[in-house]
Amino acid sequence: MDEPSLVRAAQRGDLDSFNTLVLYYQDMVYGTALRIVGDPDLAADAAQEAFLSAFRTLVTFRGGSFKSFLMRTVTNACYDELRRRKRRPTTPLEPDTEDGEMDSPGWLADPNMSPEETAEAVELEHAIQHCLENLPVEFRSVVVLADIQGLDYSEIASAARMPLGTVKSRLARARLRLRECLRAFEELLPSIFRLEGEGVA
Amino acid sequence: MIGTRDVEVLSSYLDGQLSSGDLAQIESRLTSDAELASVLKDLRIARNALKRLPASKAPRNFILTRSKVGERPPMPRAYPVFRFASVVATLLLAFTAAVNSIIPRVSFGAAAPAAEYGFGGGPGIGGDCGDPCGLAPSLQMGAATEAAAESEVSPSLLLTAPAALTPSAGQDIARATEAPPPAEALPKEELTAIPEPEVPQVQLVESVIPGSWQLGLLGFALVCAGAALYLRRVAKHKWS
Chain A
1 MDEPSLVRAA
11 QRGDLDSFNT
21 LVLYYQDMVY
31 GTALRIVGDP
41 DLAADAAQEA
51 FLSAFRTLVT
61 FRGGSFKSFL
71 MRTVTNACYD
81 ELRRRKRRPT
91 TPLEPDTEDG
101 EMDSPGWLAD
111 PNMSPEETAE
121 AVELEHAIQH
131 CLENLPVEFR
141 SVVVLADIQG
151 LDYSEIASAA
161 RMPLGTVKSR
171 LARARLRLRE
181 CLRAFEELLP
191 SIFRLEGEGV
201 A
Chain B
1001 MIGTRDVEVL
1011 SSYLDGQLSS
1021 GDLAQIESRL
1031 TSDAELASVL
1041 KDLRIARNAL
1051 KRLPASKAPR
1061 NFILTRSKVG
1071 ERPPMPRAYP
1081 VFRFASVVAT
1091 LLLAFTAAVN
1101 SIIPRVSFGA
1111 AAPAAEYGFG
1121 GGPGIGGDCG
1131 DPCGLAPSLQ
1141 MGAATEAAAE
1151 SEVSPSLLLT
1161 APAALTPSAG
1171 QDIARATEAP
1181 PPAEALPKEE
1191 LTAIPEPEVP
1201 QVQLVESVIP
1211 GSWQLGLLGF
1221 ALVCAGAALY
1231 LRRVAKHKWS
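Heads up: the protein sequence lines correspond to chains A and B, in order. Sequential numbering from 1 applies to the first sequence in the working numbering. Sequential numbering from 1001 applies to the second sequence in the working numbering.
This is how it looks when you write it as structure tokens:
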């Protein structure tokens, strides 16, 4: 995919070129939104709004990382969704399962995993999401962009429109808070999490 | 004691974002400071937990459609012409309807020679006016009513005078009609001879703007609007 030429064409109003970019980035955009807002429906709304907003504001894009531009759009859309949800809290129509958890998402169904492993993976994922949602939203977006989407510091600074120093500070504090929260779910953390990469940066 | 600055440095160390000088310094501290090493371990656990989260797939495609982004299909050149023509025809139609309803042409029937008084050429009271005829009727009417009141002229004459001719004339006539001479003052034969006052028959005649024009405008507006709608539908169909 020739991203720069697609972006240039999209800037001229070529919707097909923009849709090629949408298809390439939609998983990343939706994943980011899901981790920030924590609700699949809200995340889908935020992702759709982000792409729409990106297309409308693409003329203001002056080169650089298109991924950062898209991440900035989606984090802004997530902030808007969260603000909206805060103003008008809603009760989901679909009932929760008996143990109070939502049904496992389809993407977790790994055919190689035993039912117990699948259940543990779901629990761990819920625990991490719970800890993420306990973070302030500014910290959450930084840690999602860095540790889930793998953006480097300069890309995060561009996406979040904040100085590099603020990115470093927020990321460090977010990780520390996450660790504190995850202590309550210690038994869920596989040993590989604790041992992986020890002594290696 | 681990400070905020140390945590930031450790976090950057995990991401490989430290300069060579800072890197050497933190590595030497890590070998001697167990607390610092413990914080580094905590940060690493948190980071690894997030990194190993399964990637989520989009539940649907988020591709944009032209209608979603608010793009409009390119319209044929004739479209704005038809649209404008239909709007103009509709406005004209509304104007003609307003004119016909607000300014109807009213004619007083047979008992309305009085309508001619307004133009100063009325027979009888005004006669040939030698003065400017615009002023004459009211003055003459005033004089006529006074004379009528004094000489007990039959009220039928007064009733034929238009009340709306001029304010002064109207008032005079009103006074004259409100205070008729006492019946006993009139001789009996005169009372019986007084004919019934003729009520002016108001007739609405043809409208100012003929109905055929309005029908034509209506038809034109409908044809133009229909053509514009058809062109738009065709353009949208091609666009999608």
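Note that beta-carbon positions come from the ideal geometry of N, C-alpha and C, so glycine has one too. Just so you know, these numbers come straight off a predicted model, no measurement behind them.
(message) Using 8 Å as the threshold, is the C-beta distance between V1007 (chain B) and A172 (chain A) below it?
(response) Residue mapping note: residue 1007 (chain B) aligns to position 7 of the second sequence, counting from 1. Residue mapping note: residue 172 (chain A) aligns to position 172 of the first sequence, counting from 1. Yes, the pair counts as a contact, with Cβ atoms nearer than the cut-off.
(request) Could you check what DSSP says for E1027 (chain B) in three-state terms: helix, strand or coil? (result) Here residue 1027 (chain B) refers to the residue found at position 27 when the second sequence is read from its first residue. DSSP, read as helix, strand or coil, puts E1027 (chain B) in helix.
(request) Alpha carbon to alpha carbon, how far is A54 (chain A) from E1027 (chain B)? Give it in angstroms, no decimals. (result) Position 27 of the second sequence holds residue 1027 (chain B). Position 54 of the first sequence holds residue 54 (chain A). Taken atom to atom, the span from the alpha-carbon of E1027 (chain B) to that of A54 (chain A) is near 43 Å.
(request) Measure from the alpha carbon of R8 (chain A) to the alpha carbon of each residue in A:R88, A:F61, A:L124, then state which is nearest. (result) By one-based count along the first sequence, residue 8 (chain A) stands at place 8. That would be A:F61, whose Cα lies nearest to the Cα of R8 (chain A).
(request) Under 8 Å by Cβ, that's how I've got R72 (chain A) and R161 (chain A) pegged, so tell me the actual separation to the nearest angstrom. (result) Here residue 72 (chain A) corresponds to residue number 72 of the first sequence, with the count starting at 1. Here residue 161 (chain A) corresponds to residue number 161 of the first sequence, with the count starting at 1. Taking the Cβ atoms as the reference, R72 (chain A) lies roughly 7 Å from R161 (chain A), within the contact range of under 8 Å.
(request) Could you check the C-alpha separation between P1074 (chain B) and R12 (chain A) for me, to the nearest Å? (result) Along the second sequence, read from residue 1 onward, the residue named residue 1074 (chain B) stands at position 74. Along the first sequence, read from residue 1 onward, the residue named residue 12 (chain A) stands at position 12. Cα-Cα distance, rounded: 16 Å.
(message) Considering only their Cβ atoms, is the gap separating L1050 (chain B) from L1040 (chain B) smaller than 8 Å?
(response) Here residue 1040 (chain B) is taken as the residue at index 40 of the second sequence, counted from 1. Here residue 1050 (chain B) is taken as the residue at index 50 of the second sequence, counted from 1. Cβ distance not < 8 Å, so L1040 (chain B) and L1050 (chain B) don't count as in contact.
(message) 8 Å is my cut-off, CB to CB: does A1055 (chain B) come that close to chain A?
(response) One-based indexing of the second sequence puts residue 1055 (chain B) at position 55. Answer yes: the Cβ-Cβ gap between A1055 (chain B) and chain A drops below 8 Å somewhere.
(request) Could you list which residues in chain A have their beta carbon closer than 9 Å to that of E1035 (chain B), in chain order? (result) Sequence index remark: in the second sequence, residue 1035 (chain B) carries index 35 (1-based). Within 9 Å Cβ-Cβ: nothing; E1035 (chain B) doesn't reach chain A, min ~13 Å.
(message) Is P163 (chain A) close to chain B? Criterion is C-beta to C-beta, closer than 8 Å.
(response) Residue 163 (chain A) sits at position 163 when you count from the first residue of the first sequence. It does not; no Cβ of chain B falls within 8 Å.
(message) Within the continuous alpha helix (DSSP H) that includes S154 (chain A), where are the two ends?
(response) Here residue 154 (chain A) is taken as the residue at index 154 of the first sequence, counted from 1. First-last of the alpha helix (DSSP H) with S154 (chain A): 153–160.
(request) Mind the definition here: the segment 1081–1090 of chain B touches the segment 42–54 of chain A only if three or more C-beta pairs lie below 8 Å; say whether that holds. (result) no
(message) Please report the straight-line C-alpha distance between T1004 (chain B) and N1061 (chain B), rounded to a whole angstrom.
(response) Walking along the second sequence from the start, residue 1004 (chain B) turns up at place 4. Walking along the second sequence from the start, residue 1061 (chain B) turns up at place 61. Distance between the alpha carbons of T1004 (chain B) and N1061 (chain B) is about 43 Å.
(message) With a threshold of 8 Å between beta carbons, is K1238 (chain B) in contact with chain A?
(response) Translated into positions along the second sequence, residue 1238 (chain B) becomes position 238. Closer than 8 Å: no.
(request) Taking only heavy atoms of the ligand NAP into account, decide whether any of them is closer than 7 Å to the Cβ of A184 (chain A). (result) The model on display carries no ligand, and the ligand NAP is accordingly not part of it.
(request) Kindly indicate which residue of A:E3, A:M1, A:P163, A:R175 has the alpha-carbon position closest to the one of C131 (chain A). (result) Stepping through the first sequence from its first residue, residue 131 (chain A) is reached at position 131. Measuring from the Cα of C131 (chain A), the nearest candidate turns out to be A:R175.
(request) Would you kindly work out how many angstroms separate the C-alpha atoms of R1083 (chain B) and A1225 (chain B), rounded to a whole number? (result) Here residue 1083 (chain B) corresponds to residue number 83 of the second sequence, with the count starting at 1. Here residue 1225 (chain B) corresponds to residue number 225 of the second sequence, with the count starting at 1. One C-alpha to the other measures close to 6 Å.
(request) Leaving aside the five residues before and after T20 (chain A) along the sequence, list all residues of the same chain whose C-beta is less than 6 Å from its C-beta, in chain order. (result) Position 20 of the first sequence holds residue 20 (chain A). Cβ within range, chain order: L6.
(request) Check each residue of the segment 1059–1076 of chain B: if its Cβ is closer than 9 Å to any Cβ of chain A, include it; give the result in chain order. (result) P1059, R1060, N1061, F1062, I1063, L1064, T1065, R1066, K1068, V1069, G1070, E1071
(request) Would you tell me roughly how many angstroms separate the C-alpha atoms of A1046 (chain B) and R179 (chain A), rounded to the nearest one? (result) Sequence index remark: in the second sequence, residue 1046 (chain B) carries index 46 (1-based). Sequence index remark: in the first sequence, residue 179 (chain A) carries index 179 (1-based). Taking the straight line joining both Cα atoms gives about 5 Å.
(message) Against chain A, does V1007 (chain B) count as a neighbour if the rule is that its beta carbon must be under 8 Å from one of theirs?
(response) For the purposes of this step, residue 1007 (chain B) is taken as the residue at position 7 of the second sequence. Judged by the 8 Å Cβ criterion, V1007 (chain B) is in contact with chain A.
(message) At the 8 Å Cβ level, is F61 (chain A) part of the contact set with chain B, yes or no?
(response) To locate residue 61 (chain A), count along the first sequence from 1; it is residue 61. It does not; no Cβ of chain B falls within 8 Å.
(message) Within a Cβ cutoff of 6 Å, which residues of the same chain sit near L124 (chain A), ignoring the five residues on either side of it in sequence?
(response) Working through the first sequence from its first residue, we reach residue 124 (chain A) at position 124. Within the same chain, L124 (chain A) has close Cβ partners L188.
(request) Closer than 9 Å by beta-carbon distance: list the chain A residues that pair up with L1050 (chain B), in chain order. (result) As a first step, residue 1050 (chain B) must be located in the second sequence, where it is residue number 50. Simply R35, I128, L132, V143, V144, A146, D147, I148, R175, L178.
(request) Might you give, ordered along the chain, the residues of its own chain that have their beta carbon closer than 6 Å to the beta carbon of A1055 (chain B), omitting 5 neighbours on each side? (result) Along the second sequence, read from residue 1 onward, the residue named residue 1055 (chain B) stands at position 55. Here the set comprises nothing.
(message) I'd like the list of long-range same chain contacts for L182 (chain A), defined as Cβ closer than 8 Å, with 5 residues on each side in sequence excluded.
(response) Numbered from its first residue, the first sequence carries residue 182 (chain A) at position 182. A127, I128, C131, L189.
(message) If you measure between the beta carbons of L1053 (chain B) and I1002 (chain B), is that distance less than 8 Å?
(response) Indexing the second sequence from 1 puts residue 1053 (chain B) at position 53. Indexing the second sequence from 1 puts residue 1002 (chain B) at position 2. No, these two residues do not count as a Cβ contact at 8 Å.
(message) Using the three-state DSSP reduction, which class does M71 (chain A) fall into: helix, strand or coil?
(response) Translated into the one-based positions of the first sequence, residue 71 (chain A) becomes position 71. In the structure shown, M71 (chain A) falls within a helical segment according to DSSP collapsed to helix, strand and coil.
(message) Looking at T1065 (chain B): is its Cβ nearer than 8 Å to the Cβ of I1209 (chain B)?
(response) Along the second sequence, read from residue 1 onward, the residue named residue 1065 (chain B) stands at position 65. Along the second sequence, read from residue 1 onward, the residue named residue 1209 (chain B) stands at position 209. No, the Cβ-Cβ distance between T1065 (chain B) and I1209 (chain B) is not below 8 Å.
(message) Short of 6 Å in beta carbon distance, which residues of its chain neighbour P1167 (chain B), apart from the five on each side in sequence? Order them along the chain.
(response) The count along the second sequence starts at 1 and reaches residue 1167 (chain B) at position 167. Its pLDDT being 49, under 50, P1167 (chain B) is placed unreliably in this model, and the coordinates cannot settle the point.
(request) Using the Cα positions of S1067 (chain B) and V144 (chain A), report the straight-line distance between them to the nearest angstrom. (result) Start at 1 with the first residue of the second sequence, and residue 1067 (chain B) comes out as number 67. Start at 1 with the first residue of the first sequence, and residue 144 (chain A) comes out as number 144. Going by the C-alpha atoms only, they are around 32 Å apart.
(request) Give a yes or no on whether 8 Å exceeds the smallest Cβ distance from Q48 (chain A) to chain B. (result) Taking the first sequence and counting its residues from 1, one reaches residue 48 (chain A) at position 48. Chain B, which has a Cβ nearer than 8 Å to the Cβ of Q48 (chain A), makes this yes.
(request) Under 9 Å between beta-carbons, which chain B residues line up against D27 (chain A)? List them in chain order, please. (result) By one-based count along the first sequence, residue 27 (chain A) stands at place 27. Neighbours of D27 (chain A) on chain B, chain order: A1055, S1056, K1057, A1058.
(message) Below 8 Å on the Cβ atoms is my contact criterion, and I expect A10 (chain A) with L82 (chain A) to pass it. Report the Cβ-Cβ distance as a whole number of Å.
(response) The residue given as residue 10 (chain A) occupies position 10 in the first sequence. The residue given as residue 82 (chain A) occupies position 82 in the first sequence. The Cβ separation is near 28 Å, so there is no contact.
(message) Below 8 Å on C-beta distance, what does K168 (chain A) contact in chain B?
(response) Counting from one through the first sequence, the residue named residue 168 (chain A) turns up at place 168. Ordered by position in chain B, the residues that pass the 8 Å Cβ test against K168 (chain A) are E1008, S1011, S1012, Q1017.
(request) Can you pull the chain A residues whose beta carbon is under 9 Å from the beta carbon of D1022 (chain B), in chain order? (result) Start at 1 with the first residue of the second sequence, and residue 1022 (chain B) comes out as number 22. Per Cβ cutoff of 9 Å: no residues; D1022 (chain B) is ~12 Å from chain A at best.
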